[in-house]
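As numbered in the numbering used here, residues 652 to 1011 make up the sequence shown, in order.
Beta carbons are placed, not taken as given, at the ideal position from N, Cα and C, and that holds for glycine.
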Amino acid sequence: MLYRQCGIRHTTYVSDRRLLPIPADRRLAAAVVLAAATAPWWMDRLYLSSYLTPWVIWSTATLSLNLLMGWAGQMHLGFASVMAIGAYASVHLARLGAPFVLAFAGGGVASALVGSAFGVPAVRVRGLYLAVSTLALQYVVDWITIHVPAISGGAQTTLQAPPMQLGSVVLASDLARYFVSLAWCAMVTLFLLNLRRTGLGRALVAVREKDYAAEVMGVNVGYYKGLAFGLSSFLGGVTGAVLAFAYYRAVTPEQFSLDVSIQVVAMVIVGGLGSVIGSFFGAGFVLLGPIVLSRLVTQFMQAWHLRVPVEVMAHIPVILYGALIILFLLVEPLGLAKIYDNVRNYLLVWPFGYTRRRAA
């Protein structure tokens, strides 16, 4: 069968600890990589630049925040400000003549420094108190970017991002920007997939489950909480730089507002905390869901010749979108990744239904 675990025998620790031990998982991953790598040749350029590229970038942002919320169990309501720091820092570094790769890395370092500083309260507080302290980061960064012209040029100023250049080659086409975004997404995805198999990943999970129990076992809770904030902020800062250079091609304060922070948190929760594939599901649902629903509602109204005021039409997709989020959280609080995992686990033993009765 296509998806079956029966017959797989691990005789060495290396085979047992493989990233994808089931052959069907490896085939599915290869198909996804092949589809992503060849998308520019079978997908319309408008869809590539307007839908697929932002989905890849925001999936990377969701992965970056999921490292903090899903693996380390720390709340962050100001993640858009972390991305803003990386975007502004990388643009200024590129304008000073730094190659775009070093500019991206510099933006990530700047975000890591600031994000770690605001993550210091995580050593002593948790839950809503930590959420409020990270929310302060959002407001501080918003105020600075608006009132310090040396950084943003002013509240109504658009800071143009220099074109990405690799040697003498200018990466200005939609194809080049897509592959830059895809390359960074692939690196972050591989990092998080391997993180769970390392001592760092296990320590972060121990802190997430019960921090004082982890400290009793010898885990330096303060160190790993600060490290989680630093790593997540670095990844978020580089993702903000990729967003500025590869998608927006400019930076404005409105691009990284509080609404964006809440949106990224929604991507993590809807997709599934601590899930790599759930980050892609959550980003796709939050980013592309309203667009798909808007088109479906419009086609339904046209097919049935219904006359609805424009104001009502504009709010119907939003209402349906919110209802779908509530429905998903009621049906499966662990997110879309858990729904996928349930289907996958069913296929692993299908059609042997007695396994479900035995588990019950």
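Beta bridge counterpart(s) of M815 as assigned by DSSP: L822
Who are the Cβ neighbours of D695 in its own chain at under 6 Å, not counting the five residues just before and after it? none
Assuming G935 and G929 form a contact by the criterion Cβ under 8 Å, report the distance between their Cβ atoms to the nearest whole angstrom. A Cβ-Cβ distance of about 10 Å is found for the pair G935 and G929, leaving them out of contact under the 8 Å criterion.
Just how far apart, CA to CA, sit Y702 and L939? 8 Å
Three-state secondary structure (DSSP) of L1054: Since the displayed the chain opens at 652 and closes at 1011, residue 1054 lies outside it and no answer follows.
Helix, strand or coil for L753 per DSSP? In this structure, L753 counts as helix in the three-state DSSP scheme.
For S926 versus A857, is the C-beta distance shorter than 8 Å? no
My understanding is that L699 touches P691, with C-beta atoms under 8 Å, so please give their C-beta distance in whole angstroms. 6 Å
Alpha-carbon to alpha-carbon, L985 and V893: 29 Å
Are S762 and G887 touching if we call contact CB-CB under 8 Å? yes
Use the C-beta contact count for A756: other C-beta atoms within 10 angstroms, 16 or more gives buried, fewer gives exposed. So A756 ends up on the buried side.
V902 by DSSP, collapsed to three states: which one? In the structure shown, V902 sits in a strand (DSSP, three-state: E or B).
By the three-class DSSP mapping on this structure, what secondary structure does L939 have? helix
Measure how close the beta-carbons of L781 and Q725 come, nearest whole angstrom, since I'm counting them as under 8 Å. Their Cβ separation, rounded to whole angstroms, is 6 Å, which keeps L781 and Q725 in contact under 8 Å.
Quick check on DSSP: helix, strand or coil for L671? coil
Close Cβ partners of T663 (< 6 Å) along its chain, the five nearest in sequence each way excluded: None.
I'd like to know if the region 896-914 and the region 720-737 are in contact, where contact means that at least 3 CB-CB pairs between them fall below 8 Å. yes
Member of D676, M838 and G805 whose CA lies at the smallest distance from the CA of L999: D676
So for L764, helix, strand or coil by DSSP? Three-state result, L764: helix.
Other residues of its chain near V776: CB distance less than 7 Å, five sequence neighbours each side excluded: S784
Distance check for F769 and M720, CA to CA, integer angstroms please. 15 Å
By the DSSP assignment, the alpha helix (DSSP H) with W709 in it spans what residues? T704 to N717 is the span of the alpha helix (DSSP H), which, as asked, contains W709.
Cβ atoms of G881 and G766: under 8 Å apart, would you say? Contact flag set, yes.
Compute the Euclidean distance between the alpha carbons of V752 and I795, then round it to the nearest angstrom. 26 Å
Express the C-alpha separation of M868 and T704 in angstroms, rounding to a whole number. 43 Å
Among all the DSSP beta bridges, which residues are the ones paired with L810? DSSP output for L810 lists V902 as bridge partner(s).
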